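Counted the way my numbering counts, the sequence shown spans residues 936 to 1122. Single-structure report; data block below.
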Amino acid sequence: MPTEAQIEDFIQAAARDTGISTPPITWVNGPRSSVGPRGDIRLRRSSLEREDDAHFCSMHELAHVVLGHTRLLRRARDTALFALPLVLAYRVILPGILLLGLSLPLTLLLGCLLFLAGLHLGGRLGFRPAETAADSWAAQHGGPLTLELAQILAQRRSPLTRALGAIIGSHAAWPTRASLTRKAGVR
Ligand SMILES: [Zn+2]
936 MPTEAQIEDF
946 IQAAARDTGI
956 STPPITWVNG
966 PRSSVGPRGD
976 IRLRRSSLER
986 EDDAHFCSMH
996 ELAHVVLGHT
1006 RLLRRARDTA
1016 LFALPLVLAY
1026 RVILPGILLL
1036 GLSLPLTLLL
1046 GCLLFLAGLH
1056 LGGRLGFRPA
1066 ETAADSWAAQ
1076 HGGPLTLELA
1086 QILAQRRSPL
1096 TRALGAIIGS
1106 HAAWPTRASL
1116 TRKAGVR
């Protein structure tokens, strides 16, 4: 099991190789790692239970910094892409459903389905390309998401989290991410 200090050194070495200064790193007890708006990396402590997890997690988050995913304009664009399908659903499609003159339950059902479809489309368009790119970068820098690790991470998720993840669509399922990484030929 690696220590926090070892992983911070690992990040520092990768940042140096890439020619950027090491971003601030904090350790969190929550279920996921993330990058803050100022490019600071927040890593989940549970990743330290396995060396491959700690390496994958830290390189994936560093990738978001290196690849410029934290820049304000980039974030604004991704969020706009995320919101666009929702806006379309409500400004164009929902009024269309109302025009059909369906019963209230049917209208609500169609509205809900559209909402979920819009959410999914927005997640895929707005965020998934960056997540896939971050996985590839991580694999090239000593933090590959292997199929073995992906299966372990997938098992840790509750059915509810898994279902929500599938609906939002910003991240592919863990095993899919592992096979996308392998297909990119980076490990
Ligand atoms: Zn990510």
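Yeah, the Cβ is synthetic: ideal placement off N, Cα and C, and Gly gets one too. All of these numbers come straight from a predicted model, not from anything done at the bench.
(1) When DSSP builds the beta bridges, which residues end up paired with T961?
(2) Any heavy atom of ligand 1 inside 8 Å of the beta-carbon of A1065?
(3) Which residue wins for smallest C-alpha separation from I955, given the options A1052, S1093, A998 and L1016?
(4) Would you say E996 touches ligand 1, meaning its beta carbon is less than 8 Å from a heavy atom?
(5) Taking the beta carbon of E939 as the centre, do at least 16 other beta carbons fall within 10 Å, making it buried, or is it exposed?
(6) Does the distance between the C-beta of H999 and the nearest non-hydrogen atom of ligand 1 fall short of 8 Å?
(7) Looking at R979 and V1001, is the spacing between their C-beta atoms short of 9 Å?
(8) Report the rounded CA-to-CA distance for F1050 versus I1102, giving the unit in angstroms.
(9) In three-state terms, what does DSSP make of S969?
(10) So, for D975: in the same chain, excluding its five sequence neighbours on each side, which residues have a beta-carbon less than 8 Å away from its beta-carbon?
(11) Any contact of the segment 985-999 with the segment 1059-1072, i.e. 3+ C-beta pairs under 8 Å?
(12) Please state the DSSP three-state secondary structure of A989.
(13) Thinking L1056 and P1020 are a contact (beta carbons under 8 Å), I'd like their distance in whole angstroms, please.
(14) Does ligand 1 have a heavy atom nearer than 8 Å to the CB of A1024?
(15) Which residue wins for smallest C-alpha separation from T1014, given the options L1060, A1113 and R967?
(16) Which class does S1071 belong to by DSSP, given the choice of helix, strand or coil?
So, to answer that:
(1) The residue given as residue 961 occupies position 26 in the sequence shown. DSSP output for T961 lists R977 as bridge partner(s).
(2) If you number the sequence shown from 1, residue 1065 lands on position 130. Yes; taking the cut-off as 8 Å, the Cβ of A1065 has a heavy atom of ligand 1 nearer than that.
(3) If you number the sequence shown from 1, residue 955 lands on position 20. The shortest C-alpha separation from I955 is found at A998.
(4) Within the sequence shown, numbered from 1, the residue matching residue 996 stands at position 61. Checking the Cβ of E996 against ligand 1 gives yes.
(5) In the sequence shown, counting from the first residue as 1, residue 939 sits at position 4. Flag for E939 reads exposed.
(6) Locating residue 999 in the sequence shown gives position 64, counting from the first residue. Relative to the non-hydrogen atoms of ligand 1, the Cβ of H999 comes within a distance shorter than 8 Å of at least one.
(7) The sequence position of residue 1001 within the sequence shown is 66, counting from 1. The sequence position of residue 979 within the sequence shown is 44, counting from 1. One thing to note: V1001 has its Cβ no nearer than 9 Å to the Cβ of R979.
(8) Position 115 of the sequence shown, counted from the first residue, corresponds to residue 1050. Position 167 of the sequence shown, counted from the first residue, corresponds to residue 1102. About 10 Å.
(9) Here the question's residue 969 lines up with position 34 in the sequence shown. In this structure, S969 counts as strand in the three-state DSSP scheme.
(10) Taking the sequence shown and counting its residues from 1, the one referred to as residue 975 is at position 40. So the list reads P958, P959, I960 and T961, once near-sequence residues are dropped.
(11) yes
(12) Locating residue 989 in the sequence shown gives position 54, where the first residue counts as 1. In the structure shown, A989 sits in a helix (DSSP, three-state: H, G or I).
(13) Your numbering for residue 1056 matches position 121 in the sequence shown. Your numbering for residue 1020 matches position 85 in the sequence shown. About 4 Å; that satisfies the 8 Å criterion.
(14) Working through the sequence shown from its first residue, we reach residue 1024 at position 89. Checking the Cβ of A1024 against ligand 1 gives no.
(15) By 1-based counting over the sequence shown, the position of residue 1014 is 79. When L1060, A1113 and R967 are compared, the shortest CA-CA separation from T1014 is found for L1060.
(16) Residue 1071 sits at position 136 when you count from the first residue of the sequence shown. Here S1071 sits in helix by DSSP.
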